[in-house]
Amino acid sequence: MRMKLLLLVTALSAVLIGGVILSPAAAGESAAAAASHRDAAVVSFGKPVVIDHPVNGNVQVVLGSVMVNSLITGDLAVFGGNIRFGKGGRVTGDVVSFGGGITGAGAGSVGGELIAFASSTPRLREDSSVGPLARAIYEPASLVALAIKVALMIVWFLVALLLAFTNGREIRYSAVELRVSPFHTFALGLVAFTSFVLTAVLFTYLVPFLIGIPLLVLLGLVAVLTKVYGMIAVFHLVGSLLAGPRTSEDVVRRKIFRGDMAMVLVGVLVLGAVRLIPIVGDLIWIGASLFGIGVALATKFGRREPWFLAWRPAVSE
Amino acid sequence: MTRTPCELFAENPEAHADHAAACPDCARLMARLDRLDRVISDEAVDPAPGGSRLTSNLPLAPWEGANLSSWPLAAAGALAIVLVSSVLFMMAGVSPVGGLAAAFRSEVPGIGLFRAASIAGETMQQAPARFQALLLSAFVLVNVLFVFLLRRAPRGVDVTSR
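This is the structure in structure tokens:
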């Protein structure tokens with residue numbers, strides 16, 4: 363009971379901390395005033411920016427959205443906010459979007475490259491040789507965007523298949539842990555995700571000194587591996603709950619829906635299909651990712667070994 | 033040391049079969065053993081699918097049948113995904129091969145990631161002092177919580193046979 367209370371407090375703290383960090387009010391004063399009447403480079407923290415007049419320089423916004431109604435002669439970078447293109451909005455350089463969406467843009471709105479991470483916008487180049495694919499960048503609800511989402515399911519499917527085949531036991535351990543301690547794994551996932559984001563932000567300070575790049579790459583690798591492994595454990599759990607055998611008789615009688623591999627694959631197909639539902643699907647996927655990150659770390663990738671060795675004083679004979 | 037007729041019967045019931053008729057205690061013992069034999073032989077001859085009637089009523093352990101692979105499901109699932117996405121690409125006027133290739137390429141982080149990191153670094157250098165202090169304290173607090181949560185041992189039990 364005490365432990366559950368502690369976990370509840372922990373989860374709430376993590377949510378609060380995340381909220382405080384990500385809330386625009388907490389981000390403090392903007393380094394530059396609202397950009398509507400300026401024509402030089404714009405840097406803003408925690409405030410929405412409206413570009414109503416041409417800007418000759420880069421526009422960099424952290425934790426705020428940008429409305430582009432005029433020409434930006436330079437790059438546009440937005441971290442933790444949406445980019446909206448109005449009539450006449452255009453960026454001659456690159457557009458970098460991290461953790462937000464891009465709406466309202468048409469062909470020719472971005473002169474350079476579109477670089478989007480952790481974003482609802484697919485990372486496709488506007489000048490893609492496959493023509494209509496460019497629509498997916500600006501119309502996330504279009505048929506081609508849906509086709510891309512389905513196509514990307516094959517990546518999850520193949521990775522899940524490989525991992526279930528090679529590390530079925532570890533995946534199963536993690537799925538069992540997820541079933542036994544859902545609250546702890548979710549709290550851990552939430553805190554771990556917040557930690558990854560904050561660490562990445564701190565590492566970006568080091569980018570000008572070069573050491574930041576390998577550190578960011580390493581952090582990204584760890585984060586991706588954790589998420590991929592954890593999601594496969596979630597797939598296993600979903601598959602077991604929906605299509606798993608209930609008795610030993612079931613195991614013998616069934617020819618297909620039995621074993622770790624089948625459970626993982628059923629989970630991929632079900633969660634992959636749910637993900638295609640607008641908004642709700644994305645929210646469910648994000649929730650599953652948090653559970654996954656949590657269970658991957660809670661079980662040390664299914665190895666069930668402690669992360670930290672307990673210190674004990676030496677006992678003399 | 034002489035042995036009693038009951039002991040001799042217990043040692044070799046078939047050789048002393050007439051003793052059971054004369055001794056009610058040995059007759060009862062014999063009847064119980066016969067019943068046990070019948071139960072065991074019933075279980076051996078007519079097991080329920082998947083094991084005996086007793087074991088089939090037990091809850092399924094997570095490891096039971098876990099190492100069985102379902103390659104038909106893997107093949108059918110992969111084919112279904114490729115087919116559905118190909119149909120959607122064709123309906124959208126995009127070549128399925130080009131669409132699939134572009135979708136996979138889009139998931140590979142390229143040089144753009146470094147460009148984004150570089151721009152983020154430049155931006156963070158210009159952040160107000162209050163923002164930076166808040167960031168640092170949040171970093172410390174969240175990571176203390178992180179370490180605290182990582183200290184808990186896993187609870188799930190899967191007594192594996194493999």
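First to last, the sequence lines map onto chains A and B. Under our numbering, the first residue of the first sequence is numbered 363, with each subsequent residue one higher. Under our numbering, the first residue of the second sequence is numbered 33, with each subsequent residue one higher. Just so you know, even glycine gets a beta-carbon here, dropped at the ideal spot from N, CA and C.
- [ ] Return the CA-CA distance between Gly-451 (chain A) and Ser-406 (chain A), expressed in angstroms with no decimal places.
- [x] 19 Å
- [ ] Mind the definition here: the region 640 to 658 of chain A touches the region 605 to 621 of chain A only if three or more C-beta pairs lie below 8 Å; say whether that holds.
- [x] no
Open item on the list: Does the CB of Phe-519 (chain A) have a neighbour CB from chain B at under 9 Å?
Closed with: yes
Open item on the list: According to DSSP, Phe-447 (chain A) sits in a beta bridge with which residue or residues?
Closed with: A:Val-430
TODO: Locate the alpha helix (DSSP H) running through Ser-169 (chain B), then write down its first and last residues.
DONE: 161 to 182
Open item on the list: Please report whether the beta-carbon of Ala-624 (chain A) lies at a distance below 9 Å from any beta-carbon of chain B.
Closed with: yes
Open item on the list: Can you tell me whether Phe-460 (chain A) is helix, strand or coil according to DSSP?
Closed with: strand
Open item on the list: Rounded to the nearest angstrom, what separates Pro-386 (chain A) and Ala-98 (chain B) at their Cα positions?
Closed with: Summary for Pro-386 (chain A): the model assigns pLDDT 46, below 50, so the residue's position carries little reliability; its value from the coordinates is reported in the next sentence. If I take the Cα positions, the gap works out to 49 Å.
Task: Alpha-carbon to alpha-carbon, Phe-571 (chain A) and Val-563 (chain A) - done: 15 Å
- [ ] Return helix, strand or coil for Phe-441 (chain A), following the three-state DSSP convention.
- [x] strand
Open item on the list: Quick check on the burial criterion: 16 or more other C-beta atoms within 10 angstroms. Buried or exposed for Trp-518 (chain A)?
Closed with: buried
TODO: Using a Cβ-Cβ cut-off of less than 9 Å, list which residues of the region 602 to 615 of chain A approach chain B; keep chain order.
DONE: Ser-602, Gly-606, Pro-607, Arg-608, Thr-609, Ser-610, Glu-611, Asp-612, Val-613, Val-614, Arg-615
Task: The beta strand (DSSP E) enclosing Ser-471 (chain A), as first and last residue numbers - done: Taken as a continuous stretch (DSSP letters only), Ser-471 (chain A) belongs to no beta strand (DSSP E), as it is neither H nor E.
Task: Cα-Cα separation, Ile-445 (chain A) to Lys-617 (chain A) - done: 51 Å
- [ ] Measure the alpha-carbon distance for Arg-487 (chain A) versus Ser-117 (chain B) and round it to whole angstroms.
- [x] Confidence in Arg-487 (chain A) is poor, its pLDDT being 47 and thus under 50, which makes the residue's placement unreliable; the coordinate value appears in the next sentence. The alpha-carbon atoms of Arg-487 (chain A) and Ser-117 (chain B) are separated by roughly 20 Å.
Task: Per-residue burial, Met-122 (chain B) [other beta carbons within 10 Å of its own, 16 or more giving buried] - done: exposed
Task: CB contact below 9 Å: Glu-46 (chain B) versus chain A - done: no
Open item on the list: Please report the distance separating the alpha-carbon of Leu-540 (chain A) from that of Phe-619 (chain A).
Closed with: 21 Å
- [ ] Could you tell me how far apart the beta carbons of Leu-552 (chain A) and Leu-167 (chain B) are, in whole angstroms, since I believe they sit closer than 8 Å?
- [x] The Cβ separation is near 18 Å, so there is no contact.
TODO: For Ser-169 (chain B), count neighbouring C-beta atoms within 10 Å of its own C-beta (all shown protein chains included) and say buried if the count is 16 or more, exposed if not.
DONE: exposed
Open item on the list: Going by DSSP in three states, Ala-605 (chain A) sits in which element: helix, strand or coil?
Closed with: helix
- [ ] Within 10 angstroms of the Cβ of Asp-69 (chain B), are there 16 or more other Cβ atoms? Answer buried if so, exposed if not.
- [x] exposed
Open item on the list: For Arg-666 (chain A), would you say it is in contact with chain B, using Cβ-to-Cβ distances shorter than 9 Å as the test?
Closed with: yes
Task: Close beta carbons around Leu-182 (chain B), own chain, < 8 Å, minus the five adjacent residues each side - done: none
- [ ] For Ala-585 (chain A), go through chain B and note every residue whose CB falls closer than 8 Å to its CB, in chain order.
- [x] Within 8 Å Cβ-Cβ: nothing; Ala-585 (chain A) doesn't reach chain B, min ~12 Å.
Open item on the list: At the 9 Å Cβ level, is Tyr-688 (chain A) part of the contact set with chain B, yes or no?
Closed with: The first residue shown for chain A is 363 and the last is 679, placing residue 688 (chain A) beyond what the model contains.
Open item on the list: Please return the same chain residues whose Cβ sits closer than 7 Å to the Cβ of Ala-650 (chain A), not counting the five positions on each side in sequence.
Closed with: Met-593, Val-596, Leu-633
- [ ] Output, in chain order, the set of chain E residues within a Cβ distance shorter than 9 Å of Val-404 (chain A).
- [x] Absent here is chain E; the protein component of the structure consists of chains A and B.
TODO: Find the nearest neighbour of Ile-516 (chain A) within the set A:Leu-631, A:Arg-674, A:Gly-582, judged by alpha-carbon distance.
DONE: A:Leu-631
TODO: My understanding is that Ser-427 (chain A) touches Gly-443 (chain A), with C-beta atoms under 8 Å, so please give their C-beta distance in whole angstroms.
DONE: 4 Å
TODO: Measure the Cβ-Cβ separation of Ala-148 (chain B) and Ala-439 (chain A) and say whether it is below 9 Å.
DONE: yes
TODO: Flag Trp-647 (chain A) as yes if its beta-carbon sits less than 9 Å from any beta-carbon of chain B, otherwise no.
DONE: no
- [ ] Measure the alpha-carbon distance for Ala-54 (chain B) versus Leu-100 (chain B) and round it to whole angstroms.
- [x] 58 Å
TODO: Output, in chain order, the set of chain B residues within a Cβ distance shorter than 7 Å of Thr-661 (chain A).
DONE: Pro-186
Task: CA nearest to the CA of Thr-528 (chain A), picked from A:Met-623, A:Pro-675, A:Val-412 - done: A:Met-623
Task: Separation of Leu-92 (chain B) from Arg-531 (chain A), as counted between CA atoms - done: 16 Å
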